[in-house]
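One line per chain: the protein sequences are A and B, in this order.
Per this note's numbering, the first sequence starts with residue 1, numbered consecutively.
Per this note's numbering, the second sequence starts with residue 1001, numbered consecutively.
Worksheet: one structure, shown below.
Number of protein chains: 2
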Amino acid sequence: MSGTTVETQARSRVQLEIKELHGSLSDPVLDTMNFLNEVTHRYPDAISFAPGRPYDGFFDTEQVFTHVRRYLGHLAEQGSSERDIRTALYQYGPTAGLIRGIIADSLRADEDTDVPAESIVVTVGAQEAMLLVLRALFAGPDDVLLVSSPCYVGITGAARLLDVAVRPVEEREDGFNAADLEAAVLAEQASGRRPRAFYVVPDHSNPSGNTMGPQARKELLELAERYDFLVLEDSPYRLVSPGVPQPTLKSQDRARRVVHLGSYSKTVFPGARVGFVVADQCVLNAVGEEHLLADELAKIKSMVTVNTSSLSQAAVAGALLGARGRLSELNAEAAAYYGNAMRETLRQLDIQLPAARREALGVRWNKPTGGFFLTMRVPFRVDNTVLTTSAQDFGVIWTPMTHFCPGTGGHHGIRLSISYLTPDEIEEGTARLARFVEARSGLL
Amino acid sequence: MSGTTVETQARSRVQLEIKELHGSLSDPVLDTMNFLNEVTHRYPDAISFAPGRPYDGFFDTEQVFTHVRRYLGHLAEQGSSERDIRTALYQYGPTAGLIRGIIADSLRADEDTDVPAESIVVTVGAQEAMLLVLRALFAGPDDVLLVSSPCYVGITGAARLLDVAVRPVEEREDGFNAADLEAAVLAEQASGRRPRAFYVVPDHSNPSGNTMGPQARKELLELAERYDFLVLEDSPYRLVSPGVPQPTLKSQDRARRVVHLGSYSKTVFPGARVGFVVADQCVLNAVGEEHLLADELAKIKSMVTVNTSSLSQAAVAGALLGARGRLSELNAEAAAYYGNAMRETLRQLDIQLPAARREALGVRWNKPTGGFFLTMRVPFRVDNTVLTTSAQDFGVIWTPMTHFCPGTGGHHGIRLSISYLTPDEIEEGTARLARFVEARSGLL
């Protein structure tokens, strides 16, 4: 057998030409991710503010079995035969998903959102939902996707995959600004392009940590209606964050301008790879029949993943059923944990770099109400070399904000992710970070 | 709540323009699938030779729990801590997959294929693998995908999604013919296009049921090397089919011309949505570094689904571990069942339409060695109206072969899928089919 391998290798000098993902082989986002992995691996004792993953101390191996059995029990209670249950679990399932009704119930219970199950498509995480929506909406080279920048890399990745043009709309330090979005829309229109959608994470944004206030939400919905674009609302953190959340854009969406992207990665578990999209917009076909955008997304999904894992859907449905649809209750403990971590981080930062000192240095950070991310502005330029120095000499890792900036910009920003750290790590990590910032600022 | 819905609906007359999937809203493949679903729903007493799904009498609800626990036990045996196991099950996983080593072991045990785990990417079914491979390989409008036609709709669907040009290469009644493929390659080259890959299901093809012989396989591999294209080998049925399988194209691939698409939908269970791709081809990047095509596919996957459900991967890995990687042994009972069903179908057809009679009518069919599909040629033109008549007046449903023909053609063919039928249904179904064929031929 190993002889075959050697022989194959000896004859394998075929250079395959591949399609570049707008420069895939030197893709800045993937390069940063690889670089971060490499740095993390090379400096195992460094404290890392990089990974955006949920804290997994609340997970227990048995949970997933309990979830799946609860869903199967629910099917039996609803009158499914043993054979129906086998079919649901093992066979190809409906492309739009098995658990749309349970998701719709949860949106009513937890999000003040009343949409028919038919307007929901269950997806392989919110990532697949982004791909489906972009593929459906972006018809030609003049269509442009506006994104709130700095921006989650999943949406820009999906856009790159489909060759969709992206225009960043810079967030201000306090977050979304409607006037900036309007200016971007007008500029695109003046250039003969058509802004079809605006992507935003309104709650506890990744990477900035900002949350849109009620007035900004109202203005965004008005702009969408006035300028005829859709809002792609992605909000994976809202139900694992402390305090009373703002209403979703979707729950305020009187003009059906919002496509809501849902994720269970933070609220149930990432490994399930279950998300969803609410797409209750009307689409007219060639003969004037009306159907839902969700139907069109399901058609596209049949060519991407056919359907979402039944086993994963069963696990998520079981978790939802166990909490009577209330993810907020299911995640109350996690939300408090993340909230404490954020408060502790802000408190430690304030100790390490008191107001007068940080003003003198030209350092500042925002004060998110959530629990995953915060943004720090530093007076020096940040790049991979600087990150390596931080890891090697100061034992602390973070993510350069350039990673999240589809255009230029972000060169003086770093993202701190705190969801995965213990209080001790936060105390020690912020101290190391302060030493790094002091030293680096001293070089200016 | 319902007030909100009504209000939203009342204001929702926004007509969204969407990107057509080369005429998505009247897509012939999706239309046929919808039509088949509708016909099946409308005539519930009809016997259906349409669904290509596996027989699920061998499934048992407890199996999936056993599989997942076996994989978790395996991780513990390999030295994983309780925390490592929780991380594997619940957290984001590696984009290329958790279970690549187990898949590589299985390919060595069952398929005489020795590839490094690093050349494998675990995907959300073979469908996602097709999308990734097409996205990587097809760089521009002059690149063309050749497909053995009639053809599985998944590959043409993925091509449509990515706007990849497809040229069908007609199969003969006895299957693949190298001269036809060579002619198609030359014709494309003469038109200034570049055939980059040829897609084929070499074993028990969907829809034809044909299997390529050893000589045809040898000739295909030679053509791929001579004309510098890749072979996309998709073979979901080979290990659930009776008899000794032919070697895969990948196991004969001395020049690394074969990208092998793997599916566990027939061999483990469809609802898992786990497949894989073996892509051990070398790719050179801009600075002359060599890496695997698999690495490139993983990058693209990070923008499609991020990673494949850990829970589903655990279930598939547990099934593989339980059979020491030998899917052929795991599926011995199922393969015998499908083989019997095929033999019974051929025997009943021969009784219903004996040789002299079918010759007089101009009806014929192939005699597949597998167990899922066979092709029948009929003297009349087949379309949806004819299918409705068959369901309504004769109580039998099948799939028009046009459904599988990306170009024109297939108007006199029907696919019979028998994997899901009992012997009694096969006997009654073939009798009904014969009555339908007799009646319809009488109208000519």
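Here a beta-carbon is modelled for each residue, glycine too, at the ideal position from N, C-alpha and C.
These figures come from a predicted structure and were not determined experimentally.
Partners in chain B for residue i, counting only beta-carbon separations shorter than 9 Å
| i | result |
| --- | --- |
| proline 270 (chain A) | Tyr1090, Gln1091, Tyr1092, Gly1093, Val1306, Asn1307 and Ser1310 |
| leucine 131 (chain A) | Met1303, Val1304 and Thr1305 |
Enclosing alpha helix (DSSP H) for residue i [first to last residue]
| i | result |
| --- | --- |
| tyrosine 1043 (chain B) | From DSSP, tyrosine 1043 (chain B) is part of no alpha helix (DSSP H); its letter is neither H nor E. |
| serine 1238 (chain B) | As written in the sequence, residue 1238 (chain B) is arginine, which differs from the serine given in the question. That residue, arginine 1238 (chain B), is in no alpha helix (DSSP H); it is neither H nor E in DSSP. |
| glycine 262 (chain A) | Counting along the chain, glycine 262 (chain A) falls outside any alpha helix (DSSP H), though it belongs to the beta strand (DSSP E) covering 258 to 263. |
| aspartate 180 (chain A) | 178 to 190 |
| valine 1068 (chain B) | 1063 to 1077 |
| alanine 88 (chain A) | 82 to 90 |
| alanine 224 (chain A) | 214 to 227 |
Buried versus exposed call for residue i [16 or more other C-beta atoms within 10 Å across all chains shown]
| i | result |
| --- | --- |
| isoleucine 1351 (chain B) | exposed |
| histidine 41 (chain A) | exposed |
| arginine 256 (chain A) | buried |
| glycine 1243 (chain B) | exposed |
| aspartate 393 (chain A) | exposed |
| alanine 1360 (chain B) | exposed |
| lysine 367 (chain A) | exposed |
| tyrosine 90 (chain A) | buried |
| histidine 260 (chain A) | buried |
| alanine 1466 (chain B) | Nothing about residue 1466 (chain B) can be read from this structure; chain B reaches only from 1001 to 1444. |
| arginine 357 (chain A) | exposed |
| valine 437 (chain A) | buried |
| aspartate 203 (chain A) | buried |
| arginine 1381 (chain B) | exposed |
| glutamate 1289 (chain B) | exposed |
| histidine 403 (chain A) | buried |
Endpoints, beta strand (DSSP E) assigned at residue i
| i | result |
| --- | --- |
| methionine 376 (chain A) | 373 to 377 |
| arginine 196 (chain A) | 194 to 200 |
| aspartate 1234 (chain B) | 1230 to 1234 |
| phenylalanine 276 (chain A) | 275 to 278 |
Residue j beta carbon less than 8 Å from that of residue i
| i | j | result |
| --- | --- | --- |
| threonine 113 (chain A) | serine 251 (chain A) | yes |
| alanine 1158 (chain B) | isoleucine 1397 (chain B) | no |
| valine 147 (chain A) | glutamate 188 (chain A) | no |
| valine 68 (chain A) | glycine 275 (chain A) | no |
| leucine 1232 (chain B) | alanine 1197 (chain B) | yes |
| isoleucine 1120 (chain B) | glycine 1097 (chain B) | yes |
| aspartate 1383 (chain B) | proline 1400 (chain B) | yes |
| threonine 1371 (chain B) | serine 1419 (chain B) | Correcting the residue identity first, residue 1371 (chain B) is glycine in this sequence and not threonine. Yes, these two residues count as a Cβ contact at 8 Å. |
| leucine 1374 (chain B) | leucine 1416 (chain B) | yes |
| threonine 61 (chain A) | leucine 1072 (chain B) | yes |
| isoleucine 1099 (chain B) | valine 1316 (chain B) | yes |
| glutamate 1128 (chain B) | threonine 305 (chain A) | yes |
| proline 1150 (chain B) | proline 1207 (chain B) | yes |
| alanine 1341 (chain B) | isoleucine 1426 (chain B) | yes |
| glycine 175 (chain A) | alanine 109 (chain A) | no |
| serine 310 (chain A) | glycine 1271 (chain B) | yes |
| leucine 181 (chain A) | leucine 223 (chain A) | yes |
| alanine 1136 (chain B) | leucine 1293 (chain B) | yes |
| leucine 1297 (chain B) | leucine 1132 (chain B) | yes |
| glycine 410 (chain A) | leucine 421 (chain A) | no |
| valine 278 (chain A) | aspartate 234 (chain A) | no |
7 Å Cβ cut-off: residues of chain A touching residue i
| i | result |
| --- | --- |
| glutamine 1189 (chain B) | None at all; the shortest Cβ gap to chain A is about 16 Å. |
| valine 1124 (chain B) | Val124 and Thr305 |
| valine 1064 (chain B) | Leu89 and Leu311 |
| arginine 1364 (chain B) | Chain A residues near arginine 1364 (chain B): none, gap ~31 Å exceeds 7 Å. |
Contacts of residue i in chain A (Cβ-Cβ under 9 Å)
| i | result |
| --- | --- |
| aspartate 1056 (chain B) | Arg83, Arg86, Thr87, Tyr90 and Gln91 |
| arginine 1326 (chain B) | What arginine 1326 (chain B) touches in chain A: nothing, since even the nearest Cβ is about 16 Å away. |
Neighbouring residues, chain A, relative to residue i (Cβ below 8 Å)
| i | result |
| --- | --- |
| leucine 1072 (chain B) | Thr61 |
| leucine 1161 (chain B) | Arg135, Ile300, Met303 and Val304 |
Proximal residues of chain B, C-beta to C-beta of residue i below 8 Å
| i | result |
| --- | --- |
| glycine 157 (chain A) | Ser1302 and Met1303 |
| alanine 315 (chain A) | Leu1311 |
Chain-ordered neighbours of residue i on chain B, where CB pairs are closer than 7 Å
| i | result |
| --- | --- |
| glutamate 128 (chain A) | Val1304 and Thr1305 |
Item to check | Those runs of the alpha helix (DSSP H) which lie wholly inside the stretch 1093 to 1165 of chain B and span at least 4 residues | outcome: 1100 to 1111, 1125 to 1137 and 1153 to 1161
Next on the checklist: Suppose only complete runs of 3+ residues qualify. What are the beta strand (DSSP E) ranges in the stretch 1359 to 1443 of chain B, listed by chain order?
Outcome noted: 1373 to 1377 and 1413 to 1417
Next on the checklist: In chain order, what are the residue ranges of uninterrupted beta strand (DSSP E) at least 3 long that sit wholly in the stretch 1281 to 1335 of chain B?
Outcome noted: 1282 to 1284 and 1290 to 1292
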